[in-house]
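Q:
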Amino acid sequence: MTVTAEHGPGWAHEPDPGRRVTAAGRMLAVLDAFGPRHRSLTLSDIARRAGLSLSTAHRLVHELVAWGALERDGEGRYSVGLRLLELSALAPRGLGLREAAHPHLEDLHRATHGNVQLGVRDGTGVVYVEAIRARVRNPVNSRVGDRWPMHATGTGLVLLAHAEPEFQEQVLSSPLERFSPMTVIDPDVLRRTLASIRQTGVAVARGQITVPDMVVAVPVLDAGGRVAAAVSVVVEATEARTRELAGVLTQASRAISRTLGPRPVTGL
């Protein structure tokens with residue numbers, strides 16, 4: 001069975017006004033308004049997406065700009081600031097994995113000339129902790145820190161396939177967004193897709209978000225044999241390279257796992 005999905009316009013948390021009741025919650029709602037498809041927002045955009053009044057959004061945005069979490073350009077639009085990038089680099093899970101994986105991802109990028117992505121499960125989505133873009137063709141908008149839906153991304157499908165059955169049903173029973181005519185949103189079809197991934201160890205994704213593209217993704221195992229991440233390559237769908245890409249991806253995945261090595265025993 002062909003497994004389908006990956007990258008493109010992006011996806012982010014939708015605001016949940018019922019949960020934004022504290023000052024900290026409102027501040028987080030402002031930050032949560034930004035995402036892969038909403039990198040630059042006006043104040044009105046932020047207020048609407050965060051479910052806040054314009055005056056409240058103005059006050060919070062002003063504080064976030066002063067702290068460096070947001071930046072304002074000459075046209076009055078806001079984007080995520082470098083202060084958050086500094087903090088994100090301290091995340092232990094993504095940092096250690098990214099450092100271990102980076103040289104192998106560079107090798108994978110040179111071997112395939114495609115866009116290489118390393119994703120980890122976070123909540124009900126997948127977050128990229130590393131992304132290397134092809135310079136010449138098929139540029140992908142994916143960046144480090146982007147969050148994507150599991151059902152419509154190759155990395156997400158790999159992670160979902162190896163997740164707990166209860167978690168799989170939680171994701172499949174929630175509303176699934178359609179990004180293109182090829183996006184699979186039928187839970188029964190997705191269940192068969194996940195079973196195929198578990199059997200073959202590979203997700204081959206075509207046009208789930210951006211129709212011309214094909215993605216091949218495989219899991220990355222930690223020292224305990226558990227799926228810690230997924231690595232993918234994005235190429236043009238016209239390239240009949242599925243078996244080749246699956247092979248080099250598997251080699252890269254195993255190399256990353258070896259670099260991660262056994263984890264130290266603590267608490268003795």
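Sequential numbering from 1 applies to the sequence shown in the UniProt record's numbering.
Beta carbons: idealized from backbone N, C-alpha and C, even for Gly.
Would you kindly report the start and end of the unbroken beta strand (DSSP E) that includes isoleucine 132?
A: Here residue 132 refers to the residue found at position 132 of the sequence shown. Segment 125–132, the beta strand (DSSP E) holding isoleucine 132.
Q: Could you please give the first and the last residue of the uninterrupted beta strand (DSSP E) stretch that includes valine 233?
A: Position 233 of the sequence shown, counting from 1, holds the residue named residue 233. Where valine 233 is concerned, the enclosing beta strand (DSSP E) stretches over 227–236.
Q: Classify glycine 25 as helix, strand or coil using the three-state DSSP reduction.
A: Residue 25 sits at position 25 when you count from the first residue of the sequence shown. Glycine 25 falls in the helix class under three-state DSSP.
Q: Assign methionine 150 to one of three DSSP states: helix, strand, or coil.
A: As a first step, residue 150 must be located in the sequence shown, where it is residue number 150. Helix.
Q: DSSP beta-bridge partners for methionine 214?
A: Residue numbering aside, residue 214 sits at position 214 when the sequence shown is read from its first letter. DSSP, once it has assigned bridges, lists Arg206 and Val235 as partnering methionine 214.
Q: Tell whether a beta-carbon distance below 8 Å holds between leucine 43 and valine 30.
A: Translated into positions along the sequence shown, residue 43 becomes position 43. Translated into positions along the sequence shown, residue 30 becomes position 30. Against a cut-off of 8 Å, the Cβ pair of valine 30 and leucine 43 comes out as no contact.
Q: Excluding the 5 residues preceding and the 5 following valine 65 in the sequence, name in chain order all residues of the same chain whose CB lies nearer than 8 Å to its CB.
A: Looking up residue 65 in the sequence shown gives position 65. Hits under 8 Å: Glu71, Arg72, Tyr78 and Gly81.
Q: What residue does the beta strand (DSSP E) around glutamate 71 start on, and which one ends it?
A: Looking up residue 71 in the sequence shown gives position 71. Looking at the DSSP string, the run of the beta strand (DSSP E) that includes glutamate 71 is 70–72.
Q: Less than 7 Å between C-beta atoms, sequence neighbours within five positions excluded: which residues of the same chain meet that for valine 158?
A: Residue numbering aside, residue 158 sits at position 158 when the sequence shown is read from its first letter. Result list for valine 158: Ile197, Ala203, Ala217, Val218, Pro219 and Ala230, in chain order.
Q: Enumerate in chain order the residues of its own chain whose CB-to-CB distance from glutamate 244 is below 6 Å, with the five nearest sequence positions on each side excluded.
A: Counting from 1 along the sequence shown, the entry for residue 244 is found at position 244. No residues qualify anywhere along the chain.
Q: How big is the Cα-Cα spacing for aspartate 146 and glycine 35?
A: One-based indexing of the sequence shown puts residue 146 at position 146. One-based indexing of the sequence shown puts residue 35 at position 35. Approximately 7 Å, taken between the alpha carbons.
Q: Can the beta-carbon of isoleucine 185 be found closer than 8 Å to that of arginine 178?
A: Numbered from 1 along the sequence shown, position 185 holds the residue referred to as residue 185. Numbered from 1 along the sequence shown, position 178 holds the residue referred to as residue 178. Result yes, Cβ atoms of isoleucine 185 and arginine 178 sit closer than 8 Å.
Q: Quick one: grab the DSSP three-state call for glutamate 14.
A: Indexing the sequence shown from 1 puts residue 14 at position 14. Low confidence applies to glutamate 14: its pLDDT is 47, below 50, so where it sits in the model is not reliable, and the reading given next is rough at best. In the structure shown, glutamate 14 sits in coil (DSSP, three-state: anything other than H, G, I, E or B).
Q: Can you give me the start and stop residues for the beta strand (DSSP E) that valine 144 sits inside?
A: Here residue 144 refers to the residue found at position 144 when the sequence shown is read from its first residue. Unbroken run through valine 144: none, as it is neither H nor E.
Q: Look at glycine 154 and alanine 205 and say whether their C-beta atoms are less than 8 Å apart.
A: Taking the first residue of the sequence shown as 1, we reach residue 154 at position 154. Taking the first residue of the sequence shown as 1, we reach residue 205 at position 205. Taking 8 Å as the Cβ cut-off, glycine 154 and alanine 205 qualify as a contacting pair.
Q: Can you round the beta-carbon distance between leucine 97 and valine 120 to whole angstroms, since I take them to be within the 8 Å contact cut?
A: Taking the first residue of the sequence shown as 1, we reach residue 97 at position 97. Taking the first residue of the sequence shown as 1, we reach residue 120 at position 120. Between valine 120 and leucine 97 the Cβ distance is about 7 Å, and since that is below 8 Å, they are a contact.
Q: Taking all protein chains shown into account, do 16 or more other C-beta atoms lie within 10 angstroms of the C-beta of glycine 74, making it buried, or fewer, making it exposed?
A: Mapped onto the sequence shown, residue 74 falls at position 74. It is exposed - the Cβ of glycine 74 has fewer than 16 other Cβ atoms within 10 Å.
Q: Are isoleucine 132 and leucine 105 closer than 8 Å when you measure CB to CB?
A: On the sequence shown, position 132 is the one that residue 132 refers to. On the sequence shown, position 105 is the one that residue 105 refers to. The answer is yes: Cβ separation under 8 Å.
Q: At the level of alpha carbons, what is the spacing between glutamine 251 and valine 215?
A: Counting from 1 along the sequence shown, the entry for residue 251 is found at position 251. Counting from 1 along the sequence shown, the entry for residue 215 is found at position 215. Answer to the nearest angstrom: the Cα atoms are 16 Å apart.
Q: For leucine 85, count neighbouring Cβ atoms within 10 angstroms of its own Cβ and tell me buried if that reaches 16, exposed if not.
A: In the sequence shown, residue 85 corresponds to position 85, counting from 1. Result: exposed.
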